[in-house]
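2 protein chains.
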Amino acid sequence: MPASLEDRRANLRAASTLIHGHGPVALPEELARVSRWCESESVDMDAYGEGEALQAFEARVAGLLGCERARFFPSGTMAQVIALRIWSDRAGLPMVGMHPTCHLELHEEHAYRHLHGLNSVLVGPTDRPMLARDLAAVDARLSSLVVELPTRENGGQLPSWEELVELSAAARDRDIRLHLDGARLWEAQVSYGRPFPEICSLFDSVYVSFYKGIGALAGAMLAGPADFVDDAIVWQRRHGGVLYSMQTHWASAAMRLDDQLARIPIYRERAIDLARRLAAIDGIEVIPDPPHVNMFHVILAIGPDEAEITRDRVAEDTGLWIFSRPRPEDDGRAMRFELYVGEAALAIPADEIAGAFARLMRLAKPAGG
Amino acid sequence: MPASLEDRRANLRAASTLIHGHGPVALPEELARVSRWCESESVDMDAYGEGEALQAFEARVAGLLGCERARFFPSGTMAQVIALRIWSDRAGLPMVGMHPTCHLELHEEHAYRHLHGLNSVLVGPTDRPMLARDLAAVDARLSSLVVELPTRENGGQLPSWEELVELSAAARDRDIRLHLDGARLWEAQVSYGRPFPEICSLFDSVYVSFYKGIGALAGAMLAGPADFVDDAIVWQRRHGGVLYSMQTHWASAAMRLDDQLARIPIYRERAIDLARRLAAIDGIEVIPDPPHVNMFHVILAIGPDEAEITRDRVAEDTGLWIFSRPRPEDDGRAMRFELYVGEAALAIPADEIAGAFARLMRLAKPAGG
């Protein structure tokens, strides 16, 4: 029975060691740490987004990014669509540009259209980041353009620095406001090896996330000019995003931001090493090769069902849970999943992880063979 | 210097005992309690609004209200405007009705208009709850009507049960969906002395809040028919209201809901007693008299500035902080504030609170005299 397989799988997963991300959040430990941090920093409770300690954290992130002001948001979905609405209202143009794999296009129920009355032009192909020549191919007048660094859905690819500068200049030539989807800007910055303000200076507004690479409970920030952030706060109220208190969320971000930023270069090094080891295994491909940041896609030359059954066997044998949610490729003859290298993978010897993948490919019947 | 007065006032307030609400939230204790509850109940972490324990809490609240389904929202602002959008989309009518003191009209930057393209008709006078005859005076075709129980901005007034039944019937006669702004439904239910499902059966959708009377960190629920809640979840995604995790918020609500509901009759009894004592003091009026729920407005026959200076002196003398944020009345010759009777007032003998108010009125120079 499928329900029974699902249950057994969930139990097996819960008993195994994940290699993706930072591993499961231990809420009691996290809340205890938030508590201690708030006490040791004498943090005042925020009320409806107001509070000295919260505003100090916002100023700290604005300073880090080289932006005039920043505002904490409950989610990136809320922050980004608001940025586009503001730029569109100011330009009097409802048309925005975005990559076809943009979070706003794929994962937000088209809020930009249904909630804010905006329209979009999809810019560039799915399998690589957006470039200046992709924008040149767009005839429509755009108020703004979203650029995600790195592009998550194609394996965390970054344009080269020169390509990014060229895209920014092309947008500015056409008076298009550039919004940075920096869900993984922390990761991108390490790869560019340039200060955050230098990267952000190519953009008019910037969103960063606190729960992915940073590993906080939830939350995001939207940064830009002061008058832009003022407008964003009005829209945040309209979205119902100014809560009675978000202290647990922003404190969880504030208390670990510096430490976590220092870890990302280590993740990246491990990601490049792991990708090299995996790509050496027969039937495994990584994209991009080598990875641009501490995440990449893994393509296995086996069908998704076979892959999941074999993944379960590998978990039973090795105790490692090497992927979740495979996406079919090539009409089901292959599958793809995302690997974000964080604390989870770092805690396991690289040869053990590579060994588990080698075992998987030995056990699996290749879909074509 | 005003800054210095402001600082001294903030320090004095922090050193005094508040009588409004439940008193300040002690975050470390709250987080420790959330932790213990999650451990003792073996609560699984929710991810993007999904999780067995979260869904169980939603089902529990739906059952309590007698609704088919309920969904946890980060805020009431988000939940309510979404309810109106759904009813308006279904009716193909952008026009909604609401009381002139409705939260959506006063405190949400007109999200219903700017974000959802809805228009409103204001129904009834500000100083009493909306009645069937107010709706009868509206010619416009409405998709839906918001009814707040109790009406917060006029001192927590409730229509009588018969008046409420009549309003509901009048709305249904005109095929208008009735949405219950139940920010303080927990409080209203105690006054009506009728089961929640009987009250909610007069409405098509219901919002309840967890941080006011219930005292949780933040959060709300939107309840109604299953297909309505399905639609609401899509809009919640569009609002950016489905967070990576809201466990701290909903757990803070779930762990205290039953205990807190049992406290509200005690608050109400104390509110009625306190209001009677205050109304007996020269220069003090309470609205409504007697209170309908465990909150009411207090009007003092002194100007707001004089009242604040005297309130500070009373705080120095008695250690009690008897009001914040007075609103001017009658061209500044009187002022009004809201008193929500909860744990804070319950912890102080009623004659001590009444004594502090009597002292205030003795010290103050009446604005007219």
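Those protein sequences? They're chains A and B, same order as listed.
Position 33 (the first sequence) corresponds to 33 in the numbering used here; numbering is contiguous.
Position 203 (the second sequence) corresponds to 1203 in the numbering used here; numbering is contiguous.
A virtual CB, placed ideally from N, CA and C, is assigned to each residue, including glycine.
Quick caveat: nothing in here was measured; it's all calculated off a predicted structure.
Report yes if the C-beta distance between residue i and residue j is below 9 Å; otherwise report no.
{"i": "Gly1066 (chain B)", "j": "Phe1196 (chain B)", "result": "yes"}
{"i": "Glu148 (chain A)", "j": "Val293 (chain A)", "result": "no"}
{"i": "Gly1063 (chain B)", "j": "His1099 (chain B)", "result": "no"}
{"i": "Ala1251 (chain B)", "j": "Lys1212 (chain B)", "result": "no"}
{"i": "Leu1135 (chain B)", "j": "Arg1174 (chain B)", "result": "yes"}
{"i": "Ile176 (chain A)", "j": "Gly97 (chain A)", "result": "yes"}
{"i": "Arg69 (chain A)", "j": "Pro290 (chain A)", "result": "no"}
{"i": "Ser205 (chain A)", "j": "Phe228 (chain A)", "result": "yes"}
{"i": "Glu58 (chain A)", "j": "Phe72 (chain A)", "result": "yes"}
{"i": "Thr1248 (chain B)", "j": "His249 (chain A)", "result": "yes"}
{"i": "Val1295 (chain B)", "j": "Leu1261 (chain B)", "result": "Checking the sequence shown, residue 1295 (chain B) turns out to be Met, not Val. Going by C-beta atoms, Met1295 (chain B) is not nearer than 9 Å to Leu1261 (chain B)."}
{"i": "His1179 (chain B)", "j": "Ala1301 (chain B)", "result": "no"}
{"i": "Leu1360 (chain B)", "j": "Ile1019 (chain B)", "result": "no"}
{"i": "Ile1281 (chain B)", "j": "Phe1337 (chain B)", "result": "no"}
{"i": "Ala354 (chain A)", "j": "Arg277 (chain A)", "result": "yes"}
{"i": "Asn1154 (chain B)", "j": "Ile1287 (chain B)", "result": "yes"}
{"i": "Glu105 (chain A)", "j": "Ser120 (chain A)", "result": "yes"}
{"i": "Ile1199 (chain B)", "j": "Leu1164 (chain B)", "result": "yes"}
{"i": "Val1138 (chain B)", "j": "Leu31 (chain A)", "result": "no"}
Assuming residue i and residue j make a contact with CB atoms under 8 Å, what is their CB distance in whole Å?
{"i": "Met78 (chain A)", "j": "Gly1240 (chain B)", "result": "3 Å"}
{"i": "Arg238 (chain A)", "j": "His1114 (chain B)", "result": "6 Å"}
{"i": "Ala218 (chain A)", "j": "Pro74 (chain A)", "result": "7 Å"}
{"i": "Val341 (chain A)", "j": "Arg270 (chain A)", "result": "5 Å"}
{"i": "Asp1181 (chain B)", "j": "His1116 (chain B)", "result": "Not a contact, Cβ separation roughly 16 Å."}
Whose C-alpha, out of the options, is nearest the C-alpha of residue i?
{"i": "Glu1029 (chain B)", "options": "B:Ala1216, B:Gly1092 and B:Ala1111", "result": "B:Ala1216"}
{"i": "Ala170 (chain A)", "options": "A:Ala253, A:Leu142 and A:Trp37", "result": "A:Leu142"}
{"i": "Arg8 (chain A)", "options": "A:Glu329, A:Ala364 and A:Glu308", "result": "A:Glu308"}
{"i": "Leu346 (chain A)", "options": "A:Arg13, A:Asn11, A:Thr17 and A:Leu5", "result": "A:Thr17"}
{"i": "Gly332 (chain A)", "options": "A:Asp312, A:Ile299 and A:Arg359", "result": "A:Ile299"}
{"i": "Thr151 (chain A)", "options": "A:Gln247, A:His297 and A:Ser42", "result": "A:His297"}
{"i": "Ala1015 (chain B)", "options": "B:Ala1137, B:Pro1326 and B:Ile1322", "result": "B:Ile1322"}
{"i": "Val43 (chain A)", "options": "A:Val234, A:Ala254 and A:Met335", "result": "A:Ala254"}
{"i": "Leu1274 (chain B)", "options": "B:Ala1056, B:Leu1261 and B:Ile1348", "result": "B:Ile1348"}
{"i": "Ile264 (chain A)", "options": "A:Tyr192, A:Val146 and A:Leu5", "result": "A:Tyr192"}
{"i": "Phe203 (chain A)", "options": "A:Ala232, A:Ala220, A:Ala59 and A:Glu166", "result": "A:Glu166"}
{"i": "Gln1080 (chain B)", "options": "B:Asn1011, B:His1110, B:Val1314 and B:Gln1055", "result": "B:His1110"}
{"i": "Leu1131 (chain B)", "options": "B:Pro1328, B:Val1025, B:Ser1144 and B:Leu1158", "result": "B:Leu1158"}
{"i": "Phe1090 (chain B)", "options": "B:Ile1233, B:Ala1047, B:Ser1040 and B:Ser1144", "result": "Sequence inspection shows Arg at residue 1090 (chain B); the Phe mentioned does not correspond to that position. Considering only alpha carbons, the answer is B:Ser1144."}
{"i": "Val1025 (chain B)", "options": "A:Arg36, A:Asp46 and A:Pro304", "result": "A:Asp46"}
{"i": "Ala334 (chain A)", "options": "A:Leu257, A:Asp305 and A:Asp230", "result": "A:Asp305"}
Please state whether DSSP places residue i in a helix, a strand or coil.
{"i": "Ser205 (chain A)", "result": "strand"}
{"i": "Glu1306 (chain B)", "result": "helix"}
{"i": "Ser35 (chain A)", "result": "helix"}
{"i": "Phe323 (chain A)", "result": "coil"}
{"i": "Arg370 (chain A)", "result": "Outside the shown range of chain A (1 to 369) lies residue 370 (chain A), about which nothing can therefore be said."}
{"i": "Phe73 (chain A)", "result": "strand"}
{"i": "Gly369 (chain A)", "result": "For Gly369 (chain A), the predicted model reports a pLDDT of 45, less than 50, meaning its position is unreliable and no value from the coordinates is stated."}
{"i": "Arg1141 (chain B)", "result": "coil"}
{"i": "Met1 (chain A)", "result": "With a pLDDT of 48 at Met1 (chain A), under the threshold of 50, the predicted position of this residue should be treated as unreliable, though the coordinate-derived value follows. Of the three classes helix, strand and coil, the one that applies to Met1 (chain A) here is coil, per DSSP."}
{"i": "Glu1148 (chain B)", "result": "strand"}
{"i": "Val96 (chain A)", "result": "strand"}
{"i": "Pro24 (chain A)", "result": "coil"}
{"i": "Pro328 (chain A)", "result": "strand"}
{"i": "Ala1216 (chain B)", "result": "coil"}
{"i": "Leu1018 (chain B)", "result": "strand"}
What are the start and end residues of the alpha helix (DSSP H) that includes residue i?
{"i": "Arg1277 (chain B)", "result": "Leu1257 to Ala1279"}
{"i": "His249 (chain A)", "result": "Gln247 to Ala254"}
{"i": "His1103 (chain B)", "result": "His1103 to Leu1106"}
{"i": "Ile1299 (chain B)", "result": "That residue, Ile1299 (chain B), is in no alpha helix (DSSP H); its beta strand (DSSP E) goes Met1295 to Leu1300."}
{"i": "Glu58 (chain A)", "result": "Glu52 to Leu65"}
{"i": "Met1361 (chain B)", "result": "Ala1350 to Leu1363"}
{"i": "Ile969 (chain B)", "result": "Residue numbering for chain B in the displayed model covers 1001 to 1369; residue 969 (chain B) lies beyond these limits and cannot be assessed."}
{"i": "Val242 (chain A)", "result": "Counting along the chain, Val242 (chain A) falls outside any alpha helix (DSSP H), and DSSP gives it neither H nor E."}
{"i": "His114 (chain A)", "result": "Ala111 to His114"}
Taking 9 Å as the CB-CB cut-off, is residue i touching chain C?
{"i": "Cys1067 (chain B)", "result": "Among the protein chains in the structure shown, which are A and B, there is no chain C."}
Between which two residues does the beta strand (DSSP E) holding residue i run?
{"i": "Val123 (chain A)", "result": "Counting along the chain, Val123 (chain A) falls outside any beta strand (DSSP E), and DSSP gives it neither H nor E."}
{"i": "Arg336 (chain A)", "result": "Ala334 to Tyr340"}
{"i": "Ser42 (chain A)", "result": "Here Ser42 (chain A) belongs to no beta strand (DSSP E), and DSSP marks it neither H nor E."}
{"i": "Leu1180 (chain B)", "result": "Arg1177 to Gly1182"}
{"i": "Leu1346 (chain B)", "result": "That residue, Leu1346 (chain B), is in no beta strand (DSSP E); its alpha helix (DSSP H) goes Glu1343 to Leu1346."}
{"i": "Leu1222 (chain B)", "result": "Ala1220 to Gly1224"}
Can we count residue i as close to the ligand HEM, meaning its CB is less than 8 Å from some heavy atom?
{"i": "Leu1131 (chain B)", "result": "For the structure depicted, the ligand HEM is absent and the ligand set is empty, with no information on it obtainable."}
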